[in-house]
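Some notes on the structure that comes next.
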Amino acid sequence: MGRRPTEDDTYDYGLFLLNKLLNEQGRSLTDFPSMPMFRIDWDAHVDNPLIAEQLDYDKAEEHQRAEHNIALFND
Numbered sequence: 112m113g114r115r116p117t118e119d120d121t122y123d124y125g126l127f128l129l130n131k132l133l134n135e136q137g138r139s140l141t142d143f144p145s146m147p148m149f150r151i152d153w154d155a156h157v158d159n160p161l162i163a164e165q166l167d168y169d170k171a172e173e174h175q176r177a178e179h180n181i182a183l184f185n186d
């Protein structure tokens, strides 16, 4: 995608995941006519943009913060 996921992307991905769960039971969203279908083929994306967004942090800064907080622990 190359951009930050929108609320619609999150909704669409949720529908995609729901459909995958239904597929495990031999069903799909198409079995429920009132349910919308996902628009994006999320399997085609190498990286899940929603997870990628959560993993996009400064590892060195997080390590430094962890070291600082560990030093504050009681014996």
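Quick note on numbering: the working numbering labels position 49 of the sequence shown as 160, and the sequence is numbered without any gaps.
Glycine included, each C-beta is placed from N, C-alpha and C at the ideal position.
Exercise. Pick helix, strand or coil for residue 117, following the three-state DSSP scheme.
Key: By one-based count along the sequence shown, residue 117 stands at place 6. DSSP places residue 117 in coil when its eight states are reduced to three.
Quiz item: Just how far apart, CA to CA, sit residue 139 and residue 156?
Solution: The residue labelled residue 139 in the question sits at position 28 within the sequence shown. The residue labelled residue 156 in the question sits at position 45 within the sequence shown. Cα to Cα, residue 139 sits roughly 21 Å from residue 156.
Self-check item: Distance between residue 150 and residue 126 (C-alpha atoms, nearest Å)
Solution: Counting from 1 along the sequence shown, the entry for residue 126 is found at position 15. Counting from 1 along the sequence shown, the entry for residue 150 is found at position 39. Pairing residue 126 with residue 150, the inter-Cα distance amounts to about 9 Å.
Quiz item: From residue 143 to residue 128, what does the alpha carbon distance come to, in whole angstroms?
Solution: Translated into positions along the sequence shown, residue 143 becomes position 32. Translated into positions along the sequence shown, residue 128 becomes position 17. So the two alpha carbons sit approximately 15 Å from each other.
Quiz item: The alpha helix (DSSP H) with residue 181 in it runs from where to where?
Solution: The residue you call residue 181 lines up with position 70 of the sequence shown. Boundaries of the alpha helix (DSSP H) harbouring residue 181: 170-182, taken from the DSSP string.
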